[in-house]
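In the numbering used here, each number is its position in the sequence shown, counted from 1, plus 73.
Where is the CB? At the ideal position from N, CA and C, for every residue including glycine.
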Amino acid sequence: MVKVTAAKGTLTFGSNDGSGRRQKKIFTLGKKVTLPKTGFDRKGYKFLNYTVATNGKGKKYRLGKAYTFKKSTTLWAQYRKLENYTIQIAANQGFGKNITLHEQ
Numbered sequence: 074m075v076k077v078t079a080a081k082g083t084l085t086f087g088s089n090d091g092s093g094r095r096q097k098k099i100f101t102l103g104k105k106v107t108l109p110k111t112g113f114d115r116k117g118y119k120f121l122n123y124t125v126a127t128n129g130k131g132k133k134y135r136l137g138k139a140y141t142f143k144k145s146t147t148l149w150a151q152y153r154k155l156e157n158y159t160i161q162i163a164a165n166q167g168f169g170k171n172i173t174l175h176e177q
């Protein structure tokens, strides 16, 4: 009897200037694989998704969604810069205070 094993591939996750170490996930080629949380973070930025290009071009791959890959692939984290806002609050004939709000 011949035992056939499905071909395996590796998904490599790169932080793309974020914090965290490169991570790998072994998967079966041609079968759906759900993208795991990697914990990548980049100060002043919000994580958006992954792409196969470091510059964010091409198909977007989202956390928690299942995708089928036909070969080993490297996915790069993509981020969006958070905006900082300064709002000054002043009471009528009172004292004001500067507050910095960060987009989340």
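Buried versus exposed call for residue i [16 or more other C-beta atoms within 10 Å across all chains shown]
i, result
"T111", "buried"
"S92", "exposed"
"N89", "buried"
"R115", "buried"
"Y158", "exposed"
"L148", "buried"
Contact belief for residue i with residue j at Cβ below 8 angstroms, rounded distance in angstroms
i, j, result
"Q96", "Y123", "Actually they do not touch by this definition, with Cβ atoms about 11 angstroms apart."
"T127", "L84", "No, T127 and L84 are not in contact; Cβ-Cβ is about 16 angstroms, not under 8 angstroms."
"L155", "G129", "Not a contact, Cβ separation roughly 16 angstroms."
"F100", "G82", "6 angstroms"
Those residues which DSSP pairs with residue i across a bridge
i, result
"A126", "DSSP output for A126 lists no bridge partner at all."
"A139", "T107"
"L148", "F86"
"F113", "BP columns for F113 are empty, so no partner."
Residue i - containing beta strand (DSSP E), residue span
i, result
"F100", "Q96 to T101"
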